[in-house]
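Have a look at the structure below before the remarks.
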Amino acid sequence: MTLWFGGDYNPEQWPREVWDEDVRLMRRAGVTVATVGVFSWAQLEPEDGRFEFDWLDDVLGRLHAAGIGVDLATATGSPPPWVLRGYPDVAPVRADGVRLGGGSRQHYSPHSPSYRRLAGRLVRALAERYGSHPALIAWHVNNEFGCHVSRCYGEHAAVAFRAWLRERYGTVEALNEAWGTAFWSQRYATFDEVEPPRAAPTFLNPTQLLDFDRFSSDALLELYRSEAAILRELSPGVPITTNFMGPFRPLDYWRWAEEVDFVSDDSYPDPVDPDSPVTAALGRDLMRSLAGERPWVLMEQAPSAVNWRPRNAPKPPGGNRVLSMQALARGADGIMYFQWRQSASGSETFHSAMVPHAGPDTRIFREIEALGAELGGMGWVERQPVPARVAIVFDWEARWALEQPSRPTALNYLDIVTDWYRAFWDRSVTVDFVRPGADLSGYRLVVAPVLFAAGAAALDGLHDFAASGGTLAVTFQSGILDESLHVNPSGYLGRLGATLGVRIEEFAPLAGPGDAEPPVVAVEGELGPLTGRLWSEFAHAGGAEVVATFAGGDVAGWPALTRNGVGSGTAWYVGTHFDAAGLGRVADALLAGAGVTGVLDRCADGVEAVVRGDATFVLNHRGEERRVVLSGEELTLGPREVRILR
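Using UniProt numbering, read the sequence shown as starting at 1 and increasing by one per residue.
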């Protein structure tokens, strides 16, 4: 790969006389790659079985002549009207039985045989025609899988779910055991009796819900695989991707990342949210972690405002550059946008683009042009590593299990993970994300937040990391259930109870009357006065050292934070969710114990620093001047300034 710069190009929205200007402006802006055809199924196949490729031949020829590579999409994300009219089984069905219609996008069920046949036919036709085209540098399968319809509950889905369950469990007896169907008279006599978890009178079976989450992620992944198989057959050697969406809840991207040749991501942080640099950085680090040794590309972002929020603020001057450089600093090998030219009609008319409605003589295009020129001289960054000595365990299945109804309290998995991530971001400490059971030997500190459901292998891996000399931190609501959502037979925390030196007796989530904000609880100990939120509990320290105790309410005097020696390492247990200041103090203690320091000697609000290869990126996301200290030298950063030191 070479460093990508460009965006989604949708020439079918414009007359051909605009295409010449498009190519001229792309060259002026330093565009190296255009993603073509994402939503062009109706133009490619205007009638069932009749293909029209002349316009796409023209577009690819123009781009190739200009030296611009093409990331060619399979166009399967938005079926044309004739598909739903001729094949009504394509439409997805909601849990309440409502069949969704067209006029939008993603109006298909991944379980529909008709959709799979029609999509496969289109992909085969594209691959046969363009599989060896000189402009082609990558294939882009579908678009944002599951973004709008991540679960389908129709009859085709029911048949596919039963087949998935047969493959997973083998026998209906094994399913009954895993699902705990002795409760509420749910025992199944055959797999044919099993239905998707459609709308029901009250709480559904928890393991059924989790399995349907697993199945639905796998079903969309199988759809991706079916298209990728055709492309690999007819266009060998050309890399294939599909665009992820950060920490998107419905899809287990650990499994998806194994199937793409390079990871790509769509990211749209809110310009007026002061926390958006943190959430954007989390997404970048997650993509780098998913990619492993492979490259990743920021496939979509907005050069300025989006169109789907109640109030769509533009990116401020310099905002586009600093977020783009953030992606490069955290491992990206490409900076792309949705889209090249701003649409004149349709649902995304007011979504900003590289060429806005007002044309090239604009702030947006001037910033795009300047960034393109800058990236043109940054080939040295390509494929350079981003070292990290701290890891956070991120698990989609634990997230699905934690956020089900009928839990001890309502918790948001991503919010809790983000709060932990923010504590390290504020200290200019780079973080990798790891899946349960991953090799942890390269890290000094590992944090496992709310790992609610986890198998024995995952818990063993955390124990082994600490026993081998690492610093481990495990939070409340971890190791509560196994993979089948059964309470761990050895008690809450499972295998980690002995590792942490803690035994949990009873949960005591913080709760206020009605819909009021949950109360907080005071915590006191060697880190000073702290404030806990969301959670408290009755836990016994056992052999662990009590670092802090709850100082109020029914849990007063009970451990809130403990530390335990295990093997040659240390295992901490965090029995509440501290506020930002408290998490910061806990993070400082963990980092000190692990011997990890941040990139900056002195940090400042809104400033991040990341090492990639031989370069240190220092980025000020705020609209005011900031001062930091790096390697003993004070740096003054202007508003939204990016400093790259090599």
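Note that CB positions come from ideal geometry on N, CA and C, so glycine has one too.
These figures come from a predicted structure and were not determined experimentally.
Rounded separation between SER112 and LEU493 - CA only
In a straight line, the C-alpha of SER112 is about 41 Å away from that of LEU493.
Could you tell me which residues DSSP pairs with MET336 in its beta bridges?
Partner(s): GLY6.
Between which two residues does the beta strand (DSSP E) carrying LEU493 extend?
For LEU493, there is no enclosing beta strand (DSSP E), as DSSP gives it neither H nor E.
Per-residue burial, THR171 [other beta carbons within 10 Å of its own, 16 or more giving buried]:
For THR171, the number of other beta carbons within 10 angstroms of its own is below 16, and it is reported as exposed.
Could you spell out the range, first to last residue, of the alpha helix (DSSP H) harbouring LEU175?
The continuous alpha helix (DSSP H) containing LEU175 extends over residues 172–179.
Which complete beta strand (DSSP E) runs does the region 241–323 hold, if anything under 3 residues is left out?
Taking only runs of at least 3 residues, the beta strand (DSSP E) segments lying wholly in the region 241–323 are 263–266 and 296–300.
According to DSSP, simplified to helix, strand and coil, what is PHE476?
The DSSP-derived three-state label of PHE476 is coil.
Closest to PHE212 by C-alpha separation, out of GLU233, TRP164, GLU177 and ALA182, would be which residue?
Closest in C-alpha terms to PHE212, from the list GLU233, TRP164, GLU177 and ALA182, comes TRP164.
Kindly indicate which residue of GLU537, PRO271 and LEU220 has the alpha-carbon position closest to the one of GLU259.
It is LEU220.
Sort LEU3, LEU590 and ARG626 by Cα distance to PRO295 and report the nearest one.
Selected option, being the one with the closest Cα: LEU3.
ILE504: first and last residue of the uninterrupted alpha helix (DSSP H) it sits in
ILE504: not part of any alpha helix (DSSP H); member of the beta strand (DSSP E) spanning 503–507, first to last residue.
Is the distance from the Cβ of PRO559 to the Cβ of GLY569 below 8 Å?
Contact: no.
Please return the same chain residues whose Cβ sits closer than 7 Å to the Cβ of GLU634, not counting the five positions on each side in sequence.
Excluding residues within five positions, the ones whose Cβ falls inside 7 Å are ARG627.
ALA163, enclosing alpha helix (DSSP H) - first and last residue
It spans 155–169 - the alpha helix (DSSP H) in which ALA163 sits, taken as one unbroken run.
For the candidate residues VAL297, ALA75 and ASP415, whose alpha-carbon lies nearest to that of PRO449?
Relative to PRO449, the option among VAL297, ALA75 and ASP415 whose CA is nearest is ASP415.
Simplified DSSP assignment, three categories, for GLU526:
Under the three-state reduction of DSSP, GLU526 is assigned to coil, being neither helix nor strand.
Please determine if the region 487–503 and the region 579–588 are in contact, where contact requires at least 3 C-beta pairs separated by less than 8 Å.
Verdict: no, contact absent.
Spatial distance of GLU524 from LEU175 (CA atoms)
Rounded to whole angstroms, GLU524 to LEU175 spans 46 Å at the Cα level.
In the DSSP assignment, find the unbroken alpha helix (DSSP H) run with ALA457 in it and report its ends.
Start and end: 456–467.
What would DSSP say about TRP139, mapped onto helix, strand or coil?
Residue state, collapsed to three classes: strand.
With 16 as the cutoff for other CB atoms within 10 Å, does ASP275 come out buried or exposed?
So ASP275 ends up on the exposed side.
For a minimum of 3 consecutive residues, which ranges assigned as the beta strand (DSSP E) are wholly contained in the region 558–595?
With a minimum length of 3 residues, the continuous beta strand (DSSP E) runs that stay inside the region 558–595 are 559–566 and 569–574.
My guess is that ARG284 and ASP333 are in contact by the Cβ rule of under 8 Å, so how many angstroms apart are they, rounded?
At roughly 12 Å, the Cβ-Cβ gap does not stay under 8 Å, so ARG284 and ASP333 are not in contact.
Measuring CB atoms only, is the region 239–248 touching the region 198–217, in the sense that at least three cross pairs come out at less than 8 Å?
They do not touch, by the three-pair rule.
Checking the sheet assignment: what are the DSSP bridge partners for THR549?
Beta-bridge pairing links THR549 to GLU524 and PRO559.
Cut-off 6 Å between Cβ atoms - residues of its own chain near PHE39, not counting five sequence neighbours on either side
Closer than 6 Å at Cβ, skipping near neighbours: SER78.
Segment limits, beta strand (DSSP E) that includes ILE364
No beta strand (DSSP E) contains ILE364, which is instead part of the alpha helix (DSSP H) from 363–376.
Pick helix, strand or coil for THR418, following the three-state DSSP scheme.
Helix, per DSSP.
Considering only residues of the same chain and omitting the five flanking positions on each side of GLY543, which have a CB-CB separation below 8 Å?
Within the same chain, GLY501 and ASN564 come within 8 Å of GLY543 by CB-CB distance, once the 5 residues on both sides are set aside.
Can you tell me which of the three DSSP states GLU537 falls into?
In the three-state DSSP reduction, GLU537 falls in the strand class (E or B).
Considering VAL59, what are the terminal residues of the alpha helix (DSSP H) in which it resides?
Start and end: 54–65.
Does the distance from the C-beta atom of TYR253 to that of THR242 stay below 8 Å?
Cβ distance not < 8 Å, so TYR253 and THR242 don't count as in contact.
For ASP426, which of PHE465, GLY606 and ALA541 has the nearest alpha-carbon?
Per the C-alpha coordinates, the member of PHE465, GLY606 and ALA541 positioned closest to ASP426 is GLY606.
Beta-carbon separation of ALA178 and TYR188 under 8 Å?
Not in contact: ALA178 and TYR188 (Cβ atoms no closer than 8 Å).
Through-space distance from ASN312 to GLU624, alpha-carbon basis:
A direct Cα-to-Cα measurement between GLU624 and ASN312 gives close to 22 Å.
Bridge partners for LEU635 per DSSP, in chain order?
Its beta-bridge partners are VAL628.
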